[in-house]
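> Attaching a single structure in structure tokens format; questions to follow.
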Amino acid sequence: MKNALGRYVPEGFKPFVGSKDYLNHSRTTEKVIYSENKGNKLLRSISEAFDALGITDSMTLSFHHHLRNGDLVMNLVCDEIRKRGLKDITIAASSIFPNHRVLIDCIENGNVTNIYTSYFNGGAAKAVSEGKLKGLLYMDTHGGRSRAIESGDIKIDVAFIAVPASDAQGNGNGYSGPSACGSLGYAIPDMLYAKKKVVVTDNLVDEVAKPVIQAPYIDYVVVVDKIGDASGIESGTTRITRDPVGLKIAEKTAALLDELGLLEDGFAMQTGAGGTTLAVTKFIRDIMLKKNIKARFASGGITRYHAEMLAEGLIEKIYDVQCFDLGGVKSIASNPNHIEISAFQYGNPYEDAIVNHLDFVILGATEIDLNFNVNVTTATTGLIMGGSGGHSDTANGAKVTVVVSPLMKSRLPIIRPEITTVTTPGEDVDVFVTERGIAINPRRTDLLEKLQGSRLKIVPIEELYKLSLGYTGVPESKPRNGRIIGVVRYRDQTVIDTLYQM
Amino acid sequence: MRRSLLFIPANRPGMMQNAEVFEADGIIFDLEDSVALNEKDAARTLLKHFLATFKFDFEVVIRINPIDHVNGLLDLETIISPAVDAIMLPKADPAMVRKLGELLEGFERARGIRKTIKIIPLIELAKSVLQMEEIAGLPRVDGMMLGAEDLSSDMEMERTKTGNEIFYPRARLAYIARAFGIDAIDTPFTDVLDEDGLCADARRAKGLGLTGKAAIHPNQIRYINEIFSPSKAQIEWALKVIAAAKEHSGAFSLDGKMIDTPIIARCEKILEKGRKWKLL
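Structure follows, in structure tokens:
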């Protein structure tokens, strides 16, 4: 079966119809699950938690990724799975990073056979790309994951929730302690809907002010030596690029937003944490200072650059589902206008989510096709090296979605007639900004009209494609016909594309 | 008229392919200091094919090796083509500039190149500072550039960010270039991470009358272009003056200020620059 984008959909899955099709369906939610443990919740090890919860073969265990590439909790749990020789475990993690190396063994040994995640990078992703996972990989969006958990599409047996500061009852937040990571927004669906919930902390405190992880839902609290490695919590991408091509793209993007009238008093933005998108933030800041305007809010993954703009009064509020660096963590802990939000509030398609209130979002791309469909999930080889995260959610919600990328990366053109994997549908992508020109999705006649007479180089995407081929030649395309290893699910659970073994 | 000239080593294909992106008025493909001796051959060949393959909307300048050395002669032999707009000559003196002019004439004739390839002498010796007047008047010379790093070595002076040590050569370059109607191009600012320092340095040069500045990193171009371009307010003022001048003959008053021939000429110059750099 093929979906609306002409991509193959395996038997038994619902095909993607369109980015607004979810509006034709109503929200379904399971009952929120409270803990029945009214006694002592403290446990001394992950192993004790396995015994207390009776974790056995074929269960689904979930994790959040707020400790990013410094997360040690999934490794501790995978190590225990391996030691006990458990089989057919499903991992439901909001993201998986290169440091989750223990998962590679678990995949190869058949301890873990299915994975749900929204972003997947590193050795475990390579193992899955090579076909070593016996079951399937389900790539969701961040908003889609929250919807899948509340509706019971993903049924979690035990949620292991890494919490940087927790009391003995399981009230906790991410603001303090040696592994402080800021917002715990992606853990909230797990906390509410998993059958059992375990807080894992390295910082047991007497009292937690403003707990976002709340004791009534928590069954056990495990105290371990360390839940996170601080150097990995801060992502290496959260610095403004010095790359001159990236800066040129950023400068053009900010100028474009201004010409489109999107930088007016009270606008709302999400600019992400990549080097180029952070540079866009810097150029936007320059324009804001010049025009003496303020943003209503910034959302999404938050960095110190956003926090600085909040502190200097250029942004009124930050809605933060995830902190990308320690500057963001410090801000959320101290600034009352830096507000923590859950994955539901951020991007659940059935909520009046923050993404729906964005005037614009700046996103990246690994590949983009002539219909503006974007891949951020796989490399051209089929290697899984990313995932939607909030890409599809924000693209769908924002009034204007801007994708930025160099026209060529490592001698490969970014524009392809057919991309390796569709992550975000082209109907939700409005603008593609490169260093050599800007393409507007022909569907957005309103934007094209506003840009008439612009000094910016506005060209059809086909022209940018031809221009890039002048440098790179026509790259060989790989057939997409290996063994099916997974599916990419749109935020409404429909399958937007299929993943094949490399 | 050049506001900005960006050096790109001719052995760096990754940078060369993006040359058009950086919006410099000219790119100086460097075969001299930034290319190691054992890479000169490869750089020449790469540059030759690069220039033959792509079309450019910026001025193509090649900094060759000194022509009293075989490398300089090999540079010319390999890269002279219709794609080349100007040759930058290091450690220039009048004799070398004359010799380069003769060589270029020979190549143009032999290769059927119809345009006249220009020469930008690099002033980077104390002797050259004194010879600037003679150099500026030679055929094909349409701009001179100050090379402060080599000049400071020659003078045994310490280079500083304030640039007090190069006040004299800068000012001399500005006056002589203006007198001969050619470009006065300032030396690069070498701290590529110091944007404020770059801007201050460029403003100092502009204040002395230099017309543009070389860059050693693409991220410097936007600041240099901005500083050496007429501002929006200057353009608006010039447009107003020129429009009013059409209604008057001789001196007249505009917004309480006297406008006469030198001011009108200055406004025309501003608008000429504005048109050239698409600022109108």
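Protein sequence lines correspond, in order, to chains R and F. According to this note's numbering, the stretch in the first sequence is residues 1 to 502, in order. According to this note's numbering, the stretch in the second sequence is residues 503 to 782, in order. Ideal Cβ placement from N, Cα and C applies to all residues, glycine included.
Within the 7 Å Cβ cut-off, does valine 562(F) reach chain R?
no
> Quick check: the Cα distance between tyrosine 639(F) and phenylalanine 531(F), rounded to an integer number of angstroms?
Note on residue identity: the sequence assigns glycine, not tyrosine, to residue 639(F). In a straight line, the C-alpha of glycine 639(F) is about 25 Å away from that of phenylalanine 531(F).
> Tell me phenylalanine 531(F)'s beta-bridge partners as DSSP assigns them.
For phenylalanine 531(F), DSSP records a beta bridge to Ile510(F), Ile564(F).
> On a CA-only basis, which of Ala747(F), Ala716(F), Arg514(F) is nearest methionine 760(F)? Give me that one, please.
For the residues Ala747(F), Ala716(F), Arg514(F), the minimum Cα distance to methionine 760(F) belongs to Ala747(F).
> Buried or exposed for proline 592(F), going by 16 or more other Cβ atoms inside 10 Å?
buried
> So the candidates are Tyr677(F), Lys629(F), Gly683(F); which of them puts its Cα closest to the Cα of aspartate 644(F)?
Gly683(F)
> Check each residue of the stretch 447-462 of chain R: if its Cβ is closer than 8 Å to any Cβ of chain F, include it; give the result in chain order.
Arg455
> Counting only C-beta atoms, is lysine 248(R) closer than 7 Å to chain F at any point?
yes
> Quick one: list the residues of chain R neighbouring asparagine 786(F), beta-carbon separation under 8 Å, in chain order.
The requested residue 786(F) does not occur in the structure, where chain F is confined to residues 503 to 782.
> Please report the straight-line C-alpha distance between valine 631(F) and lysine 734(F), rounded to a whole angstrom.
35 Å
> Note the first and the last residue of the continuous alpha helix (DSSP H) segment covering serine 477(R).
No alpha helix (DSSP H) holds serine 477(R); DSSP gives it neither H nor E.
> With DSSP as the reference, please indicate the residues paired to arginine 489(R) in a beta bridge.
Val495(R)
> Please check if any C-beta of chain F sits within less than 7 Å of the C-beta of tyrosine 471(R).
yes
> Beta carbons nearer than 8 Å to chain F: which residues of the stretch 223-242 of chain R have them?
Arg242
> Using the Cα positions of serine 58(R) and threonine 141(R), report the straight-line distance between them to the nearest angstrom.
24 Å
> Against chain F, does valine 435(R) count as a neighbour if the rule is that its beta carbon must be under 7 Å from one of theirs?
For the record, residue 435(R) in the displayed sequence is glutamate; it is not valine. Yes, glutamate 435(R) counts as interfacial toward chain F.
> Cβ closer than 7 Å: which chain F residues qualify as neighbours of valine 9(R)?
Simply none; closest approach about 39 Å.
> Does the separation of the CB atoms of glutamate 462(R) and serine 19(R) fall below 7 Å?
no
> Against lysine 780(F), what residues of chain R qualify as contacts under a CB-to-CB distance less than 9 Å, listed in chain order?
Arg455
> Could you tell me the distance, in whole angstroms, from the CA atom of serine 454(R) to the CA atom of arginine 777(F)?
16 Å
> Tell me the DSSP secondary structure of aspartate 167(R) in three-state form.
coil
> Could you give the distance in angstroms between the alpha-carbon of threonine 472(R) and the alpha-carbon of aspartate 258(R)?
If you draw a straight line from the Cα of threonine 472(R) to the Cα of aspartate 258(R), it is about 32 Å long.
> Check the Cβ of glutamate 30(R) against every Cβ in chain F and list those closer than 8 Å, keeping chain order.
Here the premise fails: no neighbours, minimum Cβ distance about 52 Å.
> Relative to chain R, which residues along the stretch 517-549 of chain F have a C-beta separation below 7 Å, given in chain order?
Gln519, Asn520, Val523, Phe524
> Taking C-alpha atoms, which residue in Ala162(R), Gly174(R), Phe63(R) lies nearest to serine 334(R)?
Gly174(R)
> Please list the partners that valine 245(R) has in chain F, where partner means a Cβ-to-Cβ separation under 7 Å.
Asn520, Val523
> Return the bridge partner residues of serine 26(R) from the DSSP annotation.
Bridge partners of serine 26(R): none, in fact.
> Got a sec: is the Cβ-Cβ distance from asparagine 721(F) to anything in chain R below 7 Å?
yes
> Look at the Cβ atom of leucine 61(R), then the Cβ atom of glycine 228(R), and state whether they are nearer than 7 Å.
no
> How far does the beta strand (DSSP E) with serine 755(F) in it extend, from its first residue to its last?
754-756
> Tell me the rounded alpha-carbon separation between glycine 622(F) and proline 641(F).
Glycine is not the amino acid found at residue 622(F); the sequence shown has isoleucine there. Approximately 11 Å, taken between the alpha carbons.
> Which residues of chain F have a Cβ atom closer than 8 Å to the Cβ of glutamate 308(R), listed in chain order?
In chain order: nothing, as chain F lies at least about 18 Å away.
> Could you say which of Glu207(R), Asp202(R), Lys197(R) lies nearest to tyrosine 217(R) if we only look at CA atoms?
Lys197(R)
> Going by alpha carbons, who is nearest to glycine 266(R) out of Asn75(R), Ile339(R), His357(R), Asp206(R)?
Checking every option, the nearest Cα to that of glycine 266(R) belongs to His357(R).
> Under 8 Å by Cβ, that's how I've got isoleucine 589(F) and isoleucine 615(F) pegged, so tell me the actual separation to the nearest angstrom.
Taking the Cβ atoms as the reference, isoleucine 589(F) lies roughly 12 Å from isoleucine 615(F), outside the contact range of under 8 Å.
> With DSSP as the reference, label lysine 196(R) as helix, strand or coil.
strand
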